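To start, the structure under review is shown below, and the notes come after it.
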């Protein structure tokens, strides 16, 4: 994930590849953030589907737990490591395809990444 692209992709700022407007040009990237999945967090919601098609299927939604490393793009120097959890709520969809019971995880949203990475892009963190 390009930090600069995540923070500015919907603000209409220049410096983006015209073929893919959400990816900044390599020479404009100063930071790179790498998020690694670290496991399931707390159970948020169990969605039960009782229609004949789903045959009593359930989907258990959990917080996802992640480690985010922020690196300087040109040198690869590690600037910071942070732990974060995914969204803290889940919504049951009105229907699902048939299948076995599953565990789903809720990843962090864009707002959570913006909050975590904002200090780096503003220069508040080294």
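Numbering (this note's numbering), first residue to last: 3 to 128. Just so you know, even glycine gets a beta-carbon here, dropped at the ideal spot from N, CA and C. Bear in mind the structure is a predicted one, so any value in this text is a computation, not a measurement.
- For residue 91, same chain residues with a beta-carbon under 7 Å away, outside a window of 5 residues either side, are 46 in chain order.
- The secondary-structure analysis by DSSP pairs residue 53 with nothing; it has no beta-bridge partner.
- For residue 116, the enclosing alpha helix (DSSP H) covers residues 112 to 124.
- For residue 72, the enclosing beta strand (DSSP E) has its first and last residue at 59 to 74.
- Taking C-beta atoms under 8 Å as the contact rule, residue 88 and residue 108 qualify, at a distance of about 4 Å.
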